[in-house]
Amino acid sequence: MRAVICREYGTPEDLVIEDVPDPTPGPGQVVVNVRAAAVNYPDVLLIAGKYQVKIPPPFTPGGELAGDVVAVGDGVDLRPGDRVSGLTFLGAFAEQAVLQADGLARIPDGVDYADAAAFGITNRTAYYTLRTVAPVKPGDWVVILGAGGGVGLAAVDIAVLMGAKVIAAASGPEKLEICRQRGAQAVIDYDREDLKARLKEITGETGAQLVLDPVGGKYSEPALRGLGRGGRFVTLGYAAGEIPAIPLNLVMLKAITVMGMEVRTFAADYPDEIGRDDAELAALFAEGKLRPYIGARFPLEQAPAALRYVADRKAVGKVVIDV
């Protein structure tokens, strides 16, 4: 089978596509014939050796996929031919992947592979945040930075579904137009407009109740300044490439709560809520109330170009590799 290989830490252009042996399942494992895999910003960090967890090369990147079961190990209820999607820390950018069976879900009837592959990580990140970490109430002003990206656009969809008034902040008219179409009440081009001033203009003296920030960099502080008293600020990542330093006096003066959320550790941090959140999110997906926006698709042989597209912040919504 063909697989994308990171031979040494570097850029997307350093990745190679090679023929490797087909995987075989162990106990509790499943081999999936991959139909579609989704690209996430952490994939870019992993191949550069800059993610919080370092994986020694060589390895195959890719954390979410959808496809068909082709082989199963002992103790597995799934059968060859079952359509499944799942999350895996590594291995999705290949024609076949081996995963733990308990990390897979059957794809609902009528849902295509690309939607199933692109749904998991970003929607979990957004849903866990808005449902559990910083619960949103109907009518809350919710500011979403990087709103045109995978996590950002998922957060727009979910916050709108929860009845919030969404302010989508992103760069460029194309991303902002998609946010409007997905239900954002207001949009801000933070590369061309004064983010703090526009937030005050939109929300008035009360300010916003919540900021979701998967971007970091120069956008974080003006967004925090746009919060009202008792507001909450959730940091989700640093796609801008810079971890911001927040003046703590701003936090003190407005009694702001600053929180962090990482999807990889959510289950350990919130063991009593993860089952509820996953069940609710799966139901919204099965009922068609939530679907990812897929802004670009690449064949497997262009996987390096797909990661470059994400690394350069060109992506609108999700980027999918059609395997």
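Note that full-length UniProt numbering gives residue 301 to position 301 of the sequence shown, counting from 1, and the numbers run on in steps of one. Where is the CB? At the ideal position from N, CA and C, for every residue including glycine. Predicted, not measured: the structure shown is a model, and the values here were computed from it.
{"Query": "Glu-262 (DSSP reduced to helix, strand or coil)", "Result": "coil"}
{"Query": "Pro-80 versus Val-30: straight-line alpha-carbon distance, rounded", "Result": "9 Å"}
{"Query": "Beta-ladder partner(s) of Ala-37, from DSSP", "Result": "Leu-65 and Ile-321"}
{"Query": "Three-way DSSP call (helix, strand, coil) for Thr-60 in this model", "Result": "coil"}
{"Query": "Ala-303 versus Gly-241, Val-319 and Asp-312, residue with shortest Cα-Cα distance", "Result": "Val-319"}
{"Query": "Local conformation of Thr-122 per DSSP, three classes", "Result": "helix"}
{"Query": "Neighbourhood of Leu-153 by C-beta distance below 6 Å, restricted to the same chain and skipping five residues each side", "Result": "Tyr-293 and Gly-317"}
{"Query": "Beta bridge counterpart(s) of Asp-19 as assigned by DSSP", "Result": "Arg-2"}
{"Query": "Residue environment, Arg-35, which counts as buried when at least 16 other CB atoms sit within 10 Å", "Result": "buried"}
{"Query": "Beta-carbon contacts of Gly-49 that lie in its chain and below 7 Å, excluding the five residues immediately before and after", "Result": "Tyr-9"}
{"Query": "Own chain partners of Cys-6 with C-beta closer than 7 Å, once the 5 adjacent residues on each side are dropped", "Result": "Leu-15, Ile-47, Pro-57, Pro-58, Phe-59 and Pro-61"}
{"Query": "Inter-residue Cα distance where the pair is Gly-150 and Pro-27", "Result": "34 Å"}
{"Query": "Whole-angstrom distance between Asp-277 and Leu-78, CA atom to CA atom", "Result": "23 Å"}
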